[in-house]
Structures are given as structure tokens and as C-alpha cells.
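Trainee: Just so we're aligned: 216 in full-length UniProt numbering is position 216 of the sequence shown, and the numbers increase by one with no gaps anywhere.
Glycine is no exception: its CB is placed at the ideal position from the N, C-alpha and C atoms.
Starting off with a structure, shown below.
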Amino acid sequence: MLSLGTAQSSAYLNTIYKPGSDASNTSDFLYVSAGFGFALLVAAWLFFRVTGALFNPNIATALVILGVIKPFRYILFVIAQLVGGICAAAIVQGLMPGELNVNTVPSPGINRAQALFIEMFVTSFLTLAVLMLAVEKHRSTPFAPVGVGMTLFICELWSIPLTGGSVNTARSFGPAVVTNFHNTHWIYWLGPTLGALLATAVYIFAKRSKYWTLTPDQDSVDHRKSPNDLPLAARSPTRADGNGGQLGQSSTSRGGRASDATAAGDPLSQAEKGRGQATGSGLASGVEHA
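Written as C-alpha cells, this is what we have:
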């Protein structure tokens with residue numbers, strides 16, 4: 001869905017802007033998406049072990065529902081995130097030339113329902129990435145900021161040309177306070193919140209289904225958990241295995257079975273052995289008489 005959404009966003013740009021204009025160049029949206037993704041990657045890696053790197057009130061909502069954080073801590077997080085969004089917008093306005101133009105509004109041709117569901121889905125992907133990479137503890141957890149940052153990058157590639165790419169209520173609220181509130185601002189509260197709830201429901205379902213039993217040993221680094229051999233090699237009687245080859249092993253097995261038959265008192269084998277001993281004795285007697 002993310003890759004198709006990104007492709008559709010790129011195609012949509014060529015329909016709402018004149019061909020050849022600066023606005024039709026998708027490199028601008030790639031630049032902004034990369035900026036959001038790598039900014040989250042760096043910030044999350046810096047504060048991952050300090051505050052949990054929670055910069056999104058919608059993801060905080062998912063965590064309080066799951067019991068990862070307490071309600072009082074959740075309230076403090078949300079207040080800090082909203083105030084942080086306002087401060088960030090004010091600082092950018094003071095440092096950068098021109099008017100602040102980072103508000104999130106639906107693009108021309110995108111109705112409110114479409115914008116709402118786009119924001120819901122991209123936020124659900126980001127929230128699920130946080131839950132599966134950071135909240136769930138496994139070998140990849142120390143590298144969760146990389147996965148979360150790259151998830152935001154691809155979510156922004158899809159949503160920026162269509163909705164402005166909020167994926168975070170605080171990101172839309174801060175610039176709106178500094179500049180002005182658009183009549184579609186409610187979309188960026190409801191959409192991301194619904195996305196967080198959707199991701200929470202998927203996560204709970206996965207946990208109750210014991211998802212780790214579907215593909216066990218996914219986090220194992222034990223080479224003994226790897227497949228023993230290639231499928232074609234297992235069918236071939238001449239391919240060597242780990243104990244000297246299947247063919248050699250078969251010969252050894254046949255030799256072993258013959259020895260066992262002799263040791264068990266096979267009549268034919270004992271008769272042949274007796275004739276051989278008699279012949280040998282006769283030859284020895286002839287030599288002595290000579």
C-alpha cells in the first residue's frame with residue numbers, strides 16, 4: 001500500500017501542476033520526506049534511552065492504551081509534544097526568510113474524507129513500526145530508530161503531495177498556532193488518532209495470535225537453525241553430505257550389513273568359508289609331501 005501510494009502521489013503531481021514548472025518536480029517532496037525521516041532517525045537515536053523518543057501524541061495514545069506508559073506520564077508527554085510543535089514553528093519562522101509555509105492542508109482535488117483516511121493509514125504504519133520495532137524487545141530493538149525513521153520517510157513520500165504529510169498532530173498544531181488554523185485542521189487530529197487506534201488493534205491481535213510461533217527462530221543467530229541442505233541436493237544420491245557423502249554412506253551401510261549377516265551365522269556364507277579353508281589345507285598338504 002505504501003509503495004502504491006507513493007507512485008500515485010508522484011503521478012498526481014503531474015496532474016495538478018503544469019508540466020515543466022518547478023512545482024511539478026518531485027525532488028522537492030523527496031527532499032522534504034528525507035528531511036522528516038532522517039530527522040526522526042537522529043532524534044529518536046539521541047533520546048531513545050532518555051525519554052523513549054516520543055515526539056508524537058498519537059503514538060503516545062497507542063502506548064497508554066497498551067499500558068506501556070501511565071496516564072499521568074501520557075498527559076505530560078502530550079503537553080510537551082504540543083508545546084514543542086509550537087516552539088519549533090516559532091523558531092523556524094524567526095530564523096528563515098519569508099512567511100512560514102509549513103501548514104498541512106489537503107491538496108487540490110483531495111476531499112476531506114480522502115485526506116482523513118490517508119492520514120489515518122500513514123499514521124497507522126508509523127505507529128505499528130514503533131510497536132513492533134521498539135516496544136517489542138528483540139535483537140533489532142537497539143536499531144529501532146533506523147526502521148522507524150525509514151518508515152516515516154516512506155509515509156511522507158506518500159502523504160506530503162496529498163495531505164501535507166502530518167502523521168503527527170503536534171506537527172500540524174504548532175504551525176497552525178503560529179500562523180492560522182485552516183478549516184480542515186480537524187483532519188490532522190482525527191486522522192492520526194484513528195491511525196494510532198488501528199495500529200493498536202492490529203498489534204493486540206498479533207500478540208493474542210502469538211505471532212512469534214508462526215515463523216519461529218526469526219531472531220536466532222544459531223547456524224544450526226538454518227536448512228540442512230538445498231532441496232535438489234537432498235534428492236541427489238551422489239551429492240556429498242556432511243558425513244562423507246550419501247554414496248559412500250550407502251556403500252558403508254551395505255558392507256556393514258554383509259558383515260552382520262556373516263556374524264549372525266548365514267549358512268551360505270559359512271559354507272563358502274568352509275570350502276575355502278579346506279582348499280587351503282589341501283594345498284598346504286601337497287606342498288609338504290612334495
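#1: Mind pulling the alpha helix (DSSP H) runs of 4 or more residues that sit fully within the segment 162-206?
#2: Between the C-alpha atoms of Arg-224 and Lys-70, what's the straight-line distance to the nearest angstrom?
#3: Can you tell me whether DSSP reads Val-130 as helix, strand or coil?
#4: Going by alpha carbons, who is nearest to Leu-133 out of Met-120, Trp-186, Ile-110, Met-150?
#5: Within its chain, find whatever has a CB closer than 7 Å to the CB of Val-146; leave out the 5 residues flanking it on each side and keep chain order.
#6: Closest to Ile-118 by CA distance: which of Ala-129, Thr-104, Val-130 is it?
#7: Please report the straight-line C-alpha distance between Asn-183 and Thr-123, rounded to a whole angstrom.
#8: Whole angstroms are fine: how far does the CA of Met-120 sit from the CA of Leu-194?
#9: Between Leu-82 and the rest of its own chain, which residues show a CB-CB distance below 6 Å, the 5 nearest in sequence each way excluded?
#10: Under a three-way DSSP split, which group does Ile-69 fall into?
#11: Touch check for the segment 106-117 and the segment 90-97: three-plus C-beta pairs under 8 Å?
Mentor: Checking against the coordinates, here is how it stands:
#1: Under the rule that a run must span 4 or more residues, the alpha helix (DSSP H) segments found entirely inside the segment 162-206 read 169-178.
#2: By one-based count along the sequence shown, residue 224 stands at place 224. By one-based count along the sequence shown, residue 70 stands at place 70. Between the C-alpha atoms of Arg-224 and Lys-70 there is a straight-line separation of about 42 Å.
#3: Your numbering for residue 130 matches position 130 in the sequence shown. The answer is helix: DSSP assigns Val-130 an H, G or I state.
#4: In the sequence shown, residue 133 corresponds to position 133, counting from 1. Residue Met-150 is the option with its Cα nearest to Leu-133.
#5: For this step, residue 146 is matched to residue 146 along the sequence shown. Excluding residues within five positions, the ones whose Cβ falls inside 7 Å are Leu-41.
#6: Sequence index remark: in the sequence shown, residue 118 carries index 118 (1-based). Selected option, being the one with the closest Cα: Thr-104.
#7: Along the sequence shown, one-based indexing puts residue 183 at 183. Along the sequence shown, one-based indexing puts residue 123 at 123. Their backbone Cα atoms lie some 21 Å apart in a straight line.
#8: Here residue 194 refers to the residue found at position 194 of the sequence shown. Here residue 120 refers to the residue found at position 120 of the sequence shown. Per the coordinates, the alpha-carbon of Leu-194 lies some 6 Å from the alpha-carbon of Met-120.
#9: Here residue 82 is taken as the residue at index 82 of the sequence shown, counted from 1. Around Leu-82, the same chain offers Ala-170, Phe-173 as residues with beta carbons nearer than 6 Å, after the five sequence neighbours per side are excluded.
#10: Working through the sequence shown from its first residue, we reach residue 69 at position 69. Of the three classes helix, strand and coil, the one that applies to Ile-69 here is coil, per DSSP.
#11: Look at the beta carbons and you see the segment 106-117 not touching the segment 90-97: under three pairs across the two are nearer than 8 Å.
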